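2 protein chains.
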Amino acid sequence: MKKMDVIEAISTRRSIRKFTGEPISDSELDIILRAGFQSPSAHNRQPWEFIVIKDKSRFEALAKVHKYAQMTLQAGACIIVCGNTDIQELTGFLIEDCSASIQNILLASHGIGLGAVWVGLYPITEHTNNISNMFSLPGNIIPVGMVVIGRKGEEKDKADRFNVDKVHYETW
Amino acid sequence: MKKMDVIEAISTRRSIRKFTGEPISDSELDIILRAGFQSPSAHNRQPWEFIVIKDKSRFEALAKVHKYAQMTLQAGACIIVCGNTDIQELTGFLIEDCSASIQNILLASHGIGLGAVWVGLYPITEHTNNISNMFSLPGNIIPVGMVVIGRKGEEKDKADRFNVDKVHYETW
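First to last, the sequence lines map onto chains A and B. Those letters in the first sequence? Residues 7 to 178, per this note's numbering, in order. Those letters in the second sequence? Residues 7 to 178, per this note's numbering, in order.
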């Protein structure tokens, strides 16, 4: 497997929304999924749950209900990161933990040469309801975000987002 | 600068809460801070703001108001990641964006050999109020989380958090 320095991975990762339609392997998916488990969480509760989708008919269903999820049609996999409110009852912490997990998934995908994009779900009720209905999620499960992963159908240059106006030294 | 593969960084990073008290360099802090800017954000709004603290008297003040922030006393730097509600009015998205940024900061710190820990602020009103008061934050600024960074005073083995019960293939 190709290696990529973590600082390089963080600074060169971009949201990839065009895929070739080629599959991704189970070993690639395993690396990515395991990365999702490795984020920190409030009080180390690890309140995440992952729905892993590779079935084309489900990609079509997702594209139908989410206007920003059209790229699923050419994707290799989709991971819906959910939070379990039985494990972490504070929604704020739950969202933080799942978002750190999603960032790990995005970086791991990039690190092994795949493209990926975070498609937002929470806090848009239309999206969370649609996903809850489609996957018959129990009431204690909040779908936080969806990561669509695939072989890159586009390349993007590094985007330097540093902005000195947003850095406040010692105080505001 | 030492290099670390991104998959290795994700899988070996741990929360480090003991530091040696030695300073960290401006170039190290620059790498870490830039990582914070490089996360994705909803509609690419980049609603984060960073308070960067190196002053020991402020570390003492932080330790006084936050029982989980005692490690600041031996830290090299502290970065408080805040969200700007004028840029992203949906709190859910704001928290997601800032959490992805925090995860980048944690991974970058680990990648260059430093220790770091995420000290939770939002949604605990006591913590967000204390930080807002201490730093005279404007009303549109939510302090989401605090990353305390320093030279490691403890080493921790890799923790494999993979749990097959939390993986749901194709549906719940």
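Yeah, the Cβ is synthetic: ideal placement off N, Cα and C, and Gly gets one too. Everything numeric in this text was worked out from a predicted model, so none of it was measured.
Quick check: is the beta carbon of residue i nearer than 9 Å to any beta carbon in chain B?
| i | result |
| --- | --- |
| A/Asn139 | no |
| A/Met10 | yes |
| A/Gly159 | no |
| A/Arg23 | no |
| A/Lys60 | yes |
| A/Asp163 | no |
| A/Ala69 | no |
| A/Lys73 | no |
| A/Leu223 | Missing from the structure shown is residue 223 of chain A; chain A here goes from 7 to 178 and no further. |
| A/Gly151 | yes |
| A/Glu176 | yes |
Taking 9 Å as the CB-CB cut-off, is residue i touching chain A?
| i | result |
| --- | --- |
| B/Ile57 | yes |
| B/Phe168 | yes |
| B/Asp32 | no |
| B/Thr26 | no |
| B/Leu79 | no |
| B/Glu132 | no |
| B/Ala15 | yes |
| B/Val154 | no |
Across which residues does DSSP place residue i in a beta bridge pair?
| i | result |
| --- | --- |
| A/Cys84 | A/Ile59 and A/Val154 |
| A/Asn135 | DSSP, once it has assigned bridges, lists no residue as partnering A/Asn135. |
| B/Pro149 | B/Cys88 |
| B/Trp178 | B/Trp178 is not bridged to any residue. |
Determine the extent of the beta strand (DSSP E) in which residue i is found, giving its start and end residues.
| i | result |
| --- | --- |
| B/Ala15 | Note, B/Ala15: premise wrong, no beta strand (DSSP E); alpha helix (DSSP H) at Val12 to Thr18. |
| B/Ala122 | Gly121 to Gly126 |
| A/His174 | Val173 to Tyr175 |
Just mark residue i as buried or exposed, buried being the case when its beta carbon has 16 or more other beta carbons within 10 Å.
| i | result |
| --- | --- |
| A/Pro46 | buried |
| A/His49 | exposed |
| A/Asn139 | exposed |
| A/Gly119 | exposed |
| B/Ser115 | buried |
| A/Ala106 | buried |
| A/Asp103 | buried |
| B/Ala41 | buried |
| A/Gly151 | buried |
| B/Asp166 | exposed |
| A/Gly89 | buried |
| A/Asp129 | Before going on, a small fix: residue 129 of chain A reads as Pro here, not Asp. With 16 or more other Cβ atoms within 10 Å, it is buried. |
| A/Asp11 | buried |
| B/Val153 | buried |
| A/Thr78 | buried |
| A/Val123 | buried |
| B/Gly27 | exposed |
Residue i lies in the alpha helix (DSSP H); which residues open and close that run?
| i | result |
| --- | --- |
| B/His116 | Thr97 to Gly117 |
| B/Gly159 | First-last for B/Gly159: undefined, no H or E at that position. |
| B/Gly27 | Looking at the DSSP string, B/Gly27 is not in any alpha helix (DSSP H), and its letter there is neither H nor E. |
For the ligand FAD, any of its heavy atoms closer than 8 Å to the Cβ of residue i?
| i | result |
| --- | --- |
| B/Phe43 | Absent from the structure shown: the ligand FAD. Ligands present: none. |
Margin query: Residues of the stretch 36–54 of chain A in Cβ contact with chain B at a cutoff of 7 Å, in chain order, please.
Written below: From the stretch 36–54 of chain A, only Ile37, Leu39, Arg40, Ala41, Phe43, Gln44, Ser45, Pro46, Ala48, Gln52 and Trp54 have a Cβ closer than 7 Å to chain B.
Next item on the list: Closer than 9 Å, Cβ to Cβ, to anything on chain A: give me those residues from the stretch 84–98 of chain B, in chain order.
Entry: Ile86, Cys88, Asn90, Leu96, Thr97 and Gly98
Checklist line | Residues from the stretch 103–116 of chain A in contact with chain B, defined by Cβ distance under 9 Å | finding: Asp103, Cys104, Ser105, Ala106, Ser107, Ile108, Gln109, Asn110, Leu112, Leu113, Ala114 and His116
Next item on the list: Residues of the stretch 118–131 of chain B with a CB closer than 9 Å to any CB of chain A: list them in chain order, please.
Entry: Answer in chain order: Ile118, Val123, Trp124, Gly126, Tyr128, Pro129 and Ile130.
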